[in-house]
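One structure below.
Chains as they are written, first to last, in the working numbering: chain A, -15 to 277; chain B, -15 to 277.
Laid out in structure tokens, this is it:
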């Protein structure tokens, strides 16, 4: 990440793509034990959180990511009471999880207190629910927490960066064995699932890790404004529940919740993958016949 | 569009976003009567066609755009024999249209011969079907052609740039009156429909123009790698056919055609809009109850 004289901030993807945002001012810039953390006020996207030079969230489009990572599993599970979030230091995932009144207890394990504190101070839009009394926020290593806890959860959400630095083990099979272990019988795990365009190896890696452990595995898409390539995905792994057959659209309406990206038709549509995604991933995914016409 | 010493080519969106591609070499650079035309060999996206500094197509992802602009209307119309393409100088839309063996005659009206010749010479991936004997390729003003022709068509496809320069009238009501006039009774018109993130005014403008004329109006999404913001849309206007209720997935399989982006489930899913799109556009669109759950 570089910031030049004309006040642009640049995100590099491989050696062939750069995305630049116009900077109004740098609000916070720090280096934690794990990574570089920057919060920048931009002209077009509000405040943007960068970790190691990669865009994590922008105020303009974070609703897309957080709607889709939280509401898809929480509306498939019949009665989500106990939710575990690994990562998600900006607070946006916890914010959306806690809008569900069924949720009695949410545990959020974020390795980097610098991210949490920067977002608490400078990005209230995402961090606004971190003081909710139902939330048990721990600054701790999610991999270790997952290996050691004996709590059971209905939904586990892995809200991680790409598999570099402290997030790398979150893409491994050992981690997913523990995700499976801490999930109760109707359990669902959802994870940031990378991009079928630019991040194919990373996407296959996480799907293989989960497929080694979970009997049901799906991928669903969302269109993010600030991640390279636009088409990004979440992984949906479960002990048995199907995100289409076990989804009751009436529950969304009955919840009374309003969303900016999510709705029941989009829930179902997001699991319909492009043909090149199917060609690439069909051996790793299950129940693709749900969509066969 | 600028090209600096480090061989990057930059596309600017408003005054707050820049996307840069790593350049291997510039293959063609010219100025026609209408616009600046560049073909660049990039490191990550193959050959990229720029018009007035905006990315039109890249070899890496053009299949997304061309699959969705062509196959959605051609698989909804029960027997598409006569197809009119306005614009589409790179040839990719004509290429996909002509894969349908039902099509007996396709007319393509592109205003800029420089674009067509550059693509014929340097981008055979998209221009490879421009010599098909069923194709009547005319270098002419699409607005004038539409006003003057007395031919009838089953499907009209408006494959245009953003509403600047020669493409501006393609977003107006007068143009859509003529699109309606040249369509036979089951007629469908599809058009490049801009982005609900970054191009809201342009998207509303084209929808309003079509809505003034057509009784049925839908929007469907696709995820493009190289257009700013990823989530882009096509407009679907018809004299009566519904892209969901009148779509028979079995016809896709029966066609024997293979696709990299399009498939029957995705056809249906692409019409399921995000909630912020519905909130923004619902007064302009029709039959949204098709997706109500």
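All residues carry an ideal CB built from backbone N, CA and C; glycine is no exception.
Do the CB positions of residue i and residue j come within less than 8 Å of each other?
i: residue 208 (chain A); j: residue 49 (chain A); result: yes
i: residue 199 (chain B); j: residue 224 (chain B); result: yes
i: residue 99 (chain B); j: residue 124 (chain B); result: no
i: residue 243 (chain A); j: residue 57 (chain A); result: no
i: residue 269 (chain A); j: residue 188 (chain A); result: no
i: residue 33 (chain B); j: residue 107 (chain B); result: yes
i: residue 212 (chain A); j: residue 182 (chain A); result: yes
i: residue 170 (chain A); j: residue 67 (chain A); result: no
i: residue 29 (chain B); j: residue 210 (chain B); result: yes
i: residue 214 (chain A); j: residue 262 (chain B); result: no
i: residue 245 (chain A); j: residue 51 (chain A); result: yes
i: residue 175 (chain A); j: residue 218 (chain A); result: yes
i: residue 202 (chain A); j: residue 260 (chain A); result: no
i: residue 90 (chain A); j: residue 119 (chain A); result: yes
i: residue 64 (chain B); j: residue 86 (chain B); result: yes
So, helix, strand or coil for residue i, using DSSP?
i: residue 71 (chain A); result: strand
i: residue 14 (chain A); result: strand
i: residue -12 (chain B); result: Its pLDDT being 48, under 50, residue -12 (chain B) is placed unreliably in this model, and the value from its coordinates should be taken loosely. If DSSP states are grouped into helix, strand and coil, residue -12 (chain B) belongs with coil.
i: residue -4 (chain B); result: strand
i: residue 37 (chain B); result: coil
i: residue 192 (chain B); result: helix
i: residue 55 (chain A); result: helix
i: residue 130 (chain B); result: helix
i: residue 230 (chain B); result: coil
i: residue 124 (chain A); result: coil
i: residue 168 (chain B); result: strand
i: residue 186 (chain A); result: helix
i: residue 158 (chain B); result: helix
i: residue 42 (chain B); result: strand
Going by C-alpha distance, which of the options is nearest residue i?
i: residue 129 (chain B); options: B:69, B:119, B:115, B:147; result: B:69
i: residue 117 (chain B); options: B:150, B:79, B:96, B:99; result: B:79
i: residue 131 (chain A); options: A:183, A:62, A:162; result: A:162
i: residue 164 (chain A); options: A:89, A:193, A:231, A:266; result: A:193
i: residue 26 (chain A); options: A:3, A:55, A:-8; result: A:-8
i: residue 160 (chain A); options: A:5, A:55, A:185, A:190; result: A:190
i: residue 234 (chain A); options: A:245, A:251, A:218; result: A:251
i: residue 40 (chain B); options: B:60, B:257, B:110, B:115; result: B:110
i: residue 232 (chain B); options: B:62, B:101, B:218; result: B:62
i: residue 150 (chain A); options: A:101, A:95, A:218; result: A:95
i: residue 140 (chain A); options: A:168, A:195, A:202; result: A:168
i: residue 44 (chain A); options: B:180, B:206, B:185; result: B:180
i: residue 6 (chain B); options: B:206, B:127, B:-10; result: B:-10
Give me the Cα-Cα distance between residue i and residue j, rounded to the nearest whole angstrom.
i: residue 272 (chain B); j: residue 72 (chain B); result: 29 Å
i: residue 103 (chain A); j: residue 82 (chain A); result: 18 Å
i: residue -12 (chain B); j: residue 22 (chain B); result: Reliability of the predicted coordinates at residue -12 (chain B) is poor, the pLDDT of 48 falling under 50, and no value is obtained from them.
i: residue 173 (chain A); j: residue 35 (chain A); result: 24 Å
i: residue 76 (chain B); j: residue 236 (chain A); result: 41 Å
i: residue 222 (chain B); j: residue 105 (chain A); result: 51 Å
i: residue 9 (chain A); j: residue 275 (chain B); result: 43 Å
i: residue 88 (chain B); j: residue 152 (chain A); result: 55 Å
i: residue 46 (chain B); j: residue 166 (chain A); result: 43 Å
i: residue 178 (chain B); j: residue 158 (chain A); result: 44 Å
i: residue -5 (chain B); j: residue 2 (chain B); result: 6 Å
i: residue 54 (chain B); j: residue 42 (chain A); result: 34 Å
i: residue 121 (chain A); j: residue 142 (chain A); result: 15 Å
i: residue 258 (chain B); j: residue 265 (chain B); result: 11 Å
i: residue 226 (chain B); j: residue 60 (chain B); result: 8 Å
i: residue 155 (chain B); j: residue 12 (chain B); result: 29 Å
i: residue 112 (chain B); j: residue 31 (chain B); result: 15 Å
i: residue 97 (chain B); j: residue 24 (chain B); result: 18 Å
i: residue 185 (chain B); j: residue 195 (chain B); result: 15 Å
i: residue 101 (chain B); j: residue 127 (chain A); result: 57 Å
Tell me whether residue i counts as near the ligand FMN, meaning its Cβ is closer than 7 Å to at least one heavy atom of that ligand.
i: residue 108 (chain B); result: Looking at this structure, you won't find the ligand FMN or any other ligand, since it has none at all.
Using the Cβ count rule (16 or more neighbours within 10 Å means buried), how would you classify residue i?
i: residue 238 (chain B); result: exposed
i: residue 134 (chain B); result: exposed
i: residue -2 (chain A); result: exposed
i: residue 15 (chain A); result: exposed
i: residue 240 (chain A); result: exposed
i: residue 229 (chain A); result: exposed
i: residue 136 (chain B); result: exposed
i: residue 74 (chain B); result: buried
- Query: Taking any Cβ of chain C, which residues in the stretch -3 to 20 of chain B have a Cβ under 9 Å from it, in chain order?
  - Reply: Judged by its chain identifiers, the structure shown contains no chain C, and its protein chains are A and B.
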